[in-house]
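Presented below is the structure to which this report refers.
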Amino acid sequence: MTAPLSDFERIKAASRYLRGTLEQGLADPVTGAISEDDNKLLKFHGSYQQDDRDLREERRKQKLEPAFSFMLRARLPGGVVTPAQWLAFDRIAREYANGSLRITTRQTFQWHGVIKRRLKPTIAAIHHALATTIGACGDVVRTVVSTPNPVESAAHAHAYAWAARLSEHLAPRTRAYHEIWLDGEKLAGEAEEEPLYGATYLPRKFKIGLAIPPLNDIDVFAQDLGLIAVIEQGELLGFNVAIGGGMGAAHGDPTTYPRLGSVIGFATPDQLIAVAEGVVAVQRDWGNRSERKHARLKYTLDHRGLDAFKAELEARLGFALEPARAFRFDHNGDRYGWTQGQDGRWHLTLHIEAGRLADVGARRWLTGLRELAQVHRGDFRLTCNQNVIVANVAEPDRAGIDALVREHGLDGGERYSGIRRHAVACVALPTCGLAMAESERYLPALLPRLEAALARHGLREAPILLRLSGCPNGCSRPYLGEIALVGRGPGRYDLRLGADFTGQRLNRVYRENVDEDAILAALEPLFARYAVERDEEERFGDFLLRAGVLEPAPSRAIPLEVTP
Ligand code: SRM
Ligand code: SF4
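Quick note on numbering: our numbering labels position 148 of the sequence shown as 824, and the sequence is numbered without any gaps.
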């Protein structure tokens, strides 16, 4: 007997291509919220209803409804933003949202704290800035990420062009977005078509990312579909195709787990769109629509078998993928400071702690970036490590940019400790409804303590990937952190250790459900050993395995790694 479809599938099917009763809900002045069903549809439009969790208890006591507001997420393929867009996004942050712009781990912007009656003008303002929020969330292909690689200009151009093409090709086609938010002409839903998605879209979210070795700054193996560019003498030969990556898991439920993508072959550029569409289509048809917690592509693969999935894909494509080509990643994370591209233009990577651009006390980063956008003549690139690159700067403009960066205290990246330079934290409290513990707000307190411990062992400069998540959903990709904290409850985390520095090995739990003192107590002796026993250039995660601190994991997750 086949399992019944999940309630979410019913809502999608009845929604008339994502319309539901959103318009009526938005117009209802009695509440700051919308209905539960519409909430699910709203995600496809790039927004989540949230409430300020810091105020929940107080408002409950006062018999008030929660302080509802909405988070909006832009769909910005490859994370490229023009200065004009930056200024528009900054204005939206100050006029419609909570005064901050949040760079996400998928190189786009989020706005938090938009109240219901401002949702429509906010989305219209994003649209006028030539951007969109459609498909930034929901059961569709989300924003396609690509390496913002500032050095190899031609390679970046390839990666960005493909990210934009894939994102456009795989975007939802419904006119509902225009009708609801942009006063577009009303269509009868029945007349509409979603050629790829159909009326019920995908079983679950779907993520695509492009990496250019040796840099794995997007965590290509965490994507449902990861594409690894193969470039020889400046020519893009094609992409190795990795499928089934994903981070999300639930505490205490071994049927959910993080998984690294498996490399299934190589596609030439002229095959790429068909291959991407094919993978999405097989997942659309084979993915689990009864149990959302098992609906991601990674579970489809483990349930049906990688070989069966590949055979189905190739049968639909009408050709076989070529064998995977050699590739090698040697690092993750961003390089701070100025770099010069092959085309002679300059690029400045700025470190933005947890991706939050706001003016708080003496730290006026929102203003700083606004002033940069007012004079900058190139573009900006957001990174999957929540940083920003002031890209394509001509030599004579560098001094002016430097002055603004210094004036606003945005020049820390190069001076920071190794662990601070490589720290990523998800949003968590107070906006994330799923957070079990603090993350973004905890990072500033945790980092100095970790830095002090590292400094005691002469490890201030050691580049260690630190990932913090407020729950096991893994929005900071914590299972790929050399050190990671995954929230369990207020002030308590699983301490996970032992991923590598290239995003190709998952970490594992070292201490379960512990507080900060226990975390630091567990790490200090490991830092001490690392300081004296490591091999030259050996990374912390690799050391922990070689030294026998961690057992090598027999993992379904290790990708087929191909090295030259
Ligand atoms: Fe995420 C859900 C924030 C990247 C896995 N994620 C959420 C929600 C929307 C909470 C919710 O469902 O109510 C969070 C909103 C918090 C807030 O207040 O803003 C949220 N996720 C984020 C962001 C903003 C984290 C950040 O600090 O930057 C990232 C936005 C990315 C973007 O621009 O699209 C973000 N989320 C990720 C990533 C990393 C990635 O994709 O590279 C992952 C792990 C990769 C993956 O998808 O497997 C991730 N988010 C999840 C999951 C677990 C999915 C799963 O398969 O189990 C959830 C929960 C869910 O979908 O049910 C989730
Ligand atoms: Fe929220 Fe959990 Fe994602 Fe952090 S990892 S943003 S707490 S869903």
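Cβ atoms here follow ideal geometry from the backbone N, Cα and C, with glycine treated the same way.
- Note on the region 686-762: whole beta strand (DSSP E) runs with a minimum of 3 residues are 723-727, 744-749, in chain order.
- For residue 1063 and residue 794, the gap between their C-alpha atoms comes out near 28 Å.
- At least one heavy atom of the ligand SF4 lies closer than 7 Å to the C-beta of residue 1110.
- Under the DSSP assignment, residue 1170 falls in the beta strand (DSSP E) whose first and last residues are 1168-1173.
- In the structure shown, the three-state DSSP call for residue 1055 is strand.
- 959 is the residue among 959, 845, 1016 whose C-alpha sits nearest the C-alpha of residue 920.
- Counting the other CB atoms within 10 Å of its CB gives residue 804 a total below 16, which places it among the exposed residues.
- Residue 1023: not part of any alpha helix (DSSP H); member of the beta strand (DSSP E) spanning 1022-1026, first to last residue.
- Distance check between residue 1170 and each of 1193, 1177, 1176 places 1193 closest, using alpha-carbon atoms only.
- Given a length threshold of 4 residues, each whole run of the alpha helix (DSSP H) inside the region 949-1002 is given here in chain order: 973-980, 982-993.
- When 779, 799, 830, 771 are compared, the shortest CA-CA separation from residue 1020 is found for 830.
- For residue 1126, the closest alpha carbon among the candidates 1111, 1112, 1142, 885 is that of 1142.
- The alpha-carbon separation between residue 1076 and residue 1042 amounts to approximately 18 Å.
- With contacts defined as CB atoms closer than 8 Å, residue 1001 and residue 942 qualify as a contacting pair.
- Of the heavy atoms belonging to the ligand SRM, none sits nearer than 7 Å to the Cβ of residue 1018.
- Taken from the Cβ of residue 898, at least one heavy atom of the ligand SRM lies inside 7 Å.
- Secondary structure at residue 1090: coil, using DSSP grouped into helix, strand and coil.
- Comparing alpha carbon positions, the residue from 725, 786, 1204 closest to residue 1031 is 786.
- Distances from the alpha-carbon of residue 1158 to those of 1185, 1149, 896 put 1185 closest.
- In this structure, residue 902 keeps its C-beta atom at 8 Å or more from the C-beta atom of residue 874.
- Residues 851, 854 of the same chain have their beta carbon placed closer than 7 Å to that of residue 860, with the five preceding and five following residues left out of the count.
- Contact between residue 720 and residue 813 holds, with the beta-carbon distance rounding to 7 Å and staying under 8 Å.
- In this structure, 989 is the residue among 800, 989, 766 with its C-alpha nearest to the C-alpha of residue 950.
- If you check the C-beta of residue 817 against the ligand SRM, you find no heavy atom less than 7 Å away.
- When the Cα atoms are used, residue 1146 and residue 928 turn out to be separated by approximately 16 Å.
- The continuous alpha helix (DSSP H) containing residue 799 extends over residues 792-804.
- For residue 1084, the three-state secondary structure derived from DSSP is coil.
- Beta-bridge partners of residue 1040 (DSSP): 1035.
- Each of 971, 933, 992, 964 was checked against the Cα of residue 954, and the nearest Cα belongs to 992.
- Per the Cβ contact rule, the region 1025-1040 is not in contact with the region 831-841 (fewer than 3 Cβ pairs under 8 Å).
- Annotation for residue 728: 743, 1106 place their beta carbon closer than 6 Å to its own, counting only its chain and skipping 5 residues before and after.
- Per the C-alpha coordinates, the member of 1050, 1082, 1046 positioned closest to residue 770 is 1046.
- The Cβ neighbour count for residue 862, taken over all protein chains shown within 10 Å, is under 16; the residue is labelled exposed.
- CA-CA distance, residue 957 to residue 818, rounds to 15 Å.
- Ranked by Cα distance from residue 893, the first of 737, 1049, 1178, 784 is 1178.
- DSSP, reduced to helix, strand and coil, places residue 1219 within a helical segment of the structure shown.
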